[in-house]
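Engineer: Can you keep this structure in mind? I'll have questions shortly.
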Amino acid sequence: MIYLLLIFSFALIFSLALMPIAERLGHKTGIINAPSSDRLSKKAIPLLGGAAIYISFFLALLIFGKQFRIHQLIGIIVGATIISFFGLYDDWREISASFKFFGQVIPVVILIATGIKVEIFRNDILNIFVTMLWVIGITNSINLLDNMDGIAGGVSAISSLFFFVLSTLNGQYLVASLSAAIVGVCLGFLKYNLNPARIFMGDTGALFLGFILSVLGIKLRFPRIPYIYTWMIPIVILAYPIMDTTLVTISRLRRGVNPFTTPGTDHSTHRLCLLGLSHKQVALSVYCLSAFFGILSIAIFNFPGVVGYSIFFATLLIIAVMIFYFEWIYSKNNRLKS
Numbered sequence: 037m038i039y040l041l042l043i044f045s046f047a048l049i050f051s052l053a054l055m056p057i058a059e060r061l062g063h064k065t066g067i068i069n070a071p072s073s074d075r076l077s078k079k080a081i082p083l084l085g086g087a088a089i090y091i092s093f094f095l096a097l098l099i100f101g102k103q104f105r106i107h108q109l110i111g112i113i114v115g116a117t118i119i120s121f122f123g124l125y126d127d128w129r130e131i132s133a134s135f136k137f138f139g140q141v142i143p144v145v146i147l148i149a150t151g152i153k154v155e156i157f158r159n160d161i162l163n164i165f166v167t168m169l170w171v172i173g174i175t176n177s178i179n180l181l182d183n184m185d186g187i188a189g190g191v192s193a194i195s196s197l198f199f200f201v202l203s204t205l206n207g208q209y210l211v212a213s214l215s216a217a218i219v220g221v222c223l224g225f226l227k228y229n230l231n232p233a234r235i236f237m238g239d240t241g242a243l244f245l246g247f248i249l250s251v252l253g254i255k256l257r258f259p260r261i262p263y264i265y266t267w268m269i270p271i272v273i274l275a276y277p278i279m280d281t282t283l284v285t286i287s288r289l290r291r292g293v294n295p296f297t298t299p300g301t302d303h304s305t306h307r308l309c310l311l312g313l314s315h316k317q318v319a320l321s322v323y324c325l326s327a328f329f330g331i332l333s334i335a336i337f338n339f340p341g342v343v344g345y346s347i348f349f350a351t352l353l354i355i356a357v358m359i360f361y362f363e364w365i366y367s368k369n370n371r372l373k374s
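The sequence shown begins at 37 in the working numbering and counts up one residue at a time.
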């Protein structure tokens, strides 16, 4: 437990130390986010926060020492590095959606090759398909959620905290270590990203965090409980980004625009602003919702079986109601930009 605390502490310290450097470097190199119609910020903000997140994460994991030889951990590191590189290049030059997608498929193939995959079905082809859908889906959901100060970093920190709690309770110290590092780097980042933000994580950080969170969801296991009763726990932990991505996809398809290549102020966060909430109030509301879903995931762990499935289906109902309500807000106000 002490080394987990050390990983968290070092991740936090490295992140706090590197963010100001990344901020200055972003201004010097011109890797900044210019004001645009899909962003609420009115000034240019450096995009290198994600690079600092990536570096801080792996510096903290050096505490692992000999455990870096773990086969699966190497696959995670290589996959995360590749996806972060594509994100950094996109922050610098902007790349096509198809090329970015290609940069997400490669890390998934590496994960599968090192034995990290969903194991729900007896048919391995189905498991591989679901693995690709899960990793790419969660990766992009965090990327899409990075649309307002403090949102993606805060949700990632809260989700990782619940992954940490559940993995620690079950003796999964690889998952616990990765989770502790994510919580640390995100908290360090949030010091500079809460409204008004001084730095953004960019695609570098959003894709990296989404990738690691998807891996945590796959690796989280409960040896004493049959898998049939626990497979839904990662879905519940990450229910908020899943809800937001589903909302945006449905909303944009209804309006006849491409949900994957068309940016816009149509996320759940923007719709909360339409209700009159400030940026800070929106962030706090999202944090509370993420924590609520995390608490539900612990309830499923504590009450596997009929109660656990009831909680899961209740979560799906909550998501459906939120999507309906947020889309109704859009229809009522008709003021979102596609």
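Virtual Cβ for every residue (Gly too), placed ideally from N, Cα, C.
Note that the coordinates shown come from a computational prediction; the quantities given were computed from them, not determined experimentally.
Quick check: the Cα distance between L243 and A188, rounded to an integer number of angstroms?
Structural biologist: Here residue 243 corresponds to residue number 207 of the sequence shown, with the count starting at 1. Here residue 188 corresponds to residue number 152 of the sequence shown, with the count starting at 1. Between L243 and A188, the C-alpha separation is close to 11 Å.
Engineer: Cβ of V219 within 8 Å of Cβ of S250?
Structural biologist: Taking the first residue of the sequence shown as position 1, residue 219 is located at position 183. Taking the first residue of the sequence shown as position 1, residue 250 is located at position 214. Going by C-beta atoms, V219 is not nearer than 8 Å to S250.
Engineer: Could you spell out the range, first to last residue, of the alpha helix (DSSP H) harbouring V6?
Structural biologist: Because the chain is modelled from 37 through 374, residue 6 falls outside the range shown and cannot be assessed.
Engineer: What is the rounded straight-line gap between the Cα of N231 and the Cα of I161?
Structural biologist: One-based indexing of the sequence shown puts residue 231 at position 195. One-based indexing of the sequence shown puts residue 161 at position 125. So the alpha carbons of these two residues sit roughly 44 Å apart.
Engineer: State the Cα-Cα distance for the pair R158 and S213, rounded to the nearest angstrom.
Structural biologist: Residue mapping note: residue 158 aligns to position 122 of the sequence shown, counting from 1. Residue mapping note: residue 213 aligns to position 177 of the sequence shown, counting from 1. Going by the C-alpha atoms only, they are around 30 Å apart.
Engineer: Could you check if P270 is buried or exposed, using at least 16 other CB atoms within 10 Å of its CB as the buried criterion?
Structural biologist: As a first step, residue 270 is located in the sequence shown; it is residue number 234 there, counting from the start. Classification for P270: buried.
Engineer: Below 8 Å between beta carbons: does that hold for V272 and I336?
Structural biologist: For this step, residue 272 is matched to residue 236 along the sequence shown. For this step, residue 336 is matched to residue 300 along the sequence shown. Yes, the pair counts as a contact, with Cβ atoms nearer than the cut-off.
Engineer: Could you spell out the range, first to last residue, of the alpha helix (DSSP H) harbouring P277?
Structural biologist: Position 241 of the sequence shown, counting from 1, holds the residue named residue 277. Counting along the chain, the alpha helix (DSSP H) containing P277 begins and ends at 275-290.
Engineer: What span of residues does the alpha helix (DSSP H) with N229 cover, start to end?
Structural biologist: Within the sequence shown, residue 229 is the residue found at index 193, counting from 1. Start and end: 209-229.
Engineer: So G173 and N229 are in contact, right, with Cβ under 8 Å, and what is the actual spacing, rounded?
Structural biologist: By one-based count along the sequence shown, residue 173 stands at place 137. By one-based count along the sequence shown, residue 229 stands at place 193. About 24 Å; that fails the 8 Å criterion.
Engineer: Cutting at 7 Å between CB atoms, please list the residues of its own chain near I99, excluding the five before and the five after it.
Structural biologist: The residue given as residue 99 occupies position 63 in the sequence shown. If we look at I99 and ignore the five residues flanking it on each side, its Cβ neighbours are Y39, L42, I43, F46.
Engineer: Looking at the structure shown, is I81 part of a helix, part of a strand, or coil, going by DSSP?
Structural biologist: Reading the sequence shown from its first residue, position 45 is the one you call residue 81. Strand, per DSSP.
Engineer: Quick check: S51 and G224, are their CB atoms within less than 8 Å of each other?
Structural biologist: As a working mapping, residue 51 is identified with position 15 in the sequence shown. As a working mapping, residue 224 is identified with position 188 in the sequence shown. The answer is yes: Cβ separation under 8 Å.
Engineer: Would you tell me roughly how many angstroms separate the C-alpha atoms of A58 and V154, rounded to the nearest one?
Structural biologist: On the sequence shown, position 22 is the one that residue 58 refers to. On the sequence shown, position 118 is the one that residue 154 refers to. About 36 Å.
Engineer: Once DSSP output is grouped into helix, strand and coil, what is the label at I156?
Structural biologist: Looking up residue 156 in the sequence shown gives position 120. Reduced to three states, the DSSP call for I156 is coil.
Engineer: What span of residues does the alpha helix (DSSP H) with L311 cover, start to end?
Structural biologist: Walking along the sequence shown from the start, residue 311 turns up at place 275. Here L311 belongs to no alpha helix (DSSP H), and DSSP marks it neither H nor E.
Engineer: Leaving aside the five residues before and after N179 along the sequence, list all residues of the same chain whose C-beta is less than 7 Å from its C-beta, in chain order.
Structural biologist: Translated into positions along the sequence shown, residue 179 becomes position 143. These residues qualify, in order along the chain: D239, A242, L243, G246.
Engineer: I'd like the span of the alpha helix (DSSP H) that includes H63, first residue to last.
Structural biologist: Here residue 63 refers to the residue found at position 27 when the sequence shown is read from its first residue. 38-65 is the extent of the alpha helix (DSSP H) around H63.
Engineer: Checking 8 Å against the spacing of the C-beta atoms, do M184 and H315 come in under that value?
Structural biologist: Sequence index remark: in the sequence shown, residue 184 carries index 148 (1-based). Sequence index remark: in the sequence shown, residue 315 carries index 279 (1-based). In this structure, H315 lies closer than 8 Å to M184 by Cβ.
Engineer: Should T305 and L332 be called a contact, given that it needs their Cβ atoms to be closer than 8 Å?
Structural biologist: In the sequence shown, the residue the question calls residue 305 occupies position 269. In the sequence shown, the residue the question calls residue 332 occupies position 296. No. Outside cutoff.
Engineer: DSSP beta-bridge partners for I68?
Structural biologist: The sequence position of residue 68 within the sequence shown is 32, counting from 1. In DSSP, I68 forms a bridge with P82.
Engineer: What whole-angstrom Cβ distance do L278 and S177 have, given they're in contact under 8 Å?
Structural biologist: The sequence position of residue 278 within the sequence shown is 242, counting from 1. The sequence position of residue 177 within the sequence shown is 141, counting from 1. Before going further, note that residue 278 is Ile rather than Leu in the sequence given. That pair is a contact at about 6 Å.
Engineer: Please classify Y408 as buried or exposed, where buried requires at least 16 other C-beta atoms within 10 Å of its C-beta.
Structural biologist: The chain is shown only over 37 to 374; residue 408 falls outside these bounds and no answer can be derived.
Engineer: Using only the alpha-carbon positions, how far apart do L205 and G330 sit?
Structural biologist: On the sequence shown, position 169 is the one that residue 205 refers to. On the sequence shown, position 294 is the one that residue 330 refers to. One C-alpha to the other measures close to 15 Å.
Engineer: When the Cα of I156 is compared with those of G344, R257, A233, which residue comes out closest?
Structural biologist: As a first step, residue 156 is located in the sequence shown; it is residue number 120 there, counting from the start. It is R257.
Engineer: If you draw a straight line from the alpha carbon of T297 to that of A133, how long is it in whole angstroms?
Structural biologist: Locating residue 297 in the sequence shown gives position 261, counting from the first residue. Locating residue 133 in the sequence shown gives position 97, counting from the first residue. If you take the alpha carbons of T297 and A133, they lie about 7 Å apart.
Engineer: List the endpoints of the continuous alpha helix (DSSP H) containing V293.
Structural biologist: As a working note, residue 293 is residue 257 in the sequence shown. Segment: none, V293 is in no alpha helix (DSSP H) and carries neither H nor E.
Engineer: Near A80, which residues of its chain fall below 6 Å by C-beta distance, leaving aside the five closest residues on each side in sequence?
Structural biologist: If you number the sequence shown from 1, residue 80 lands on position 44. I68, A70.
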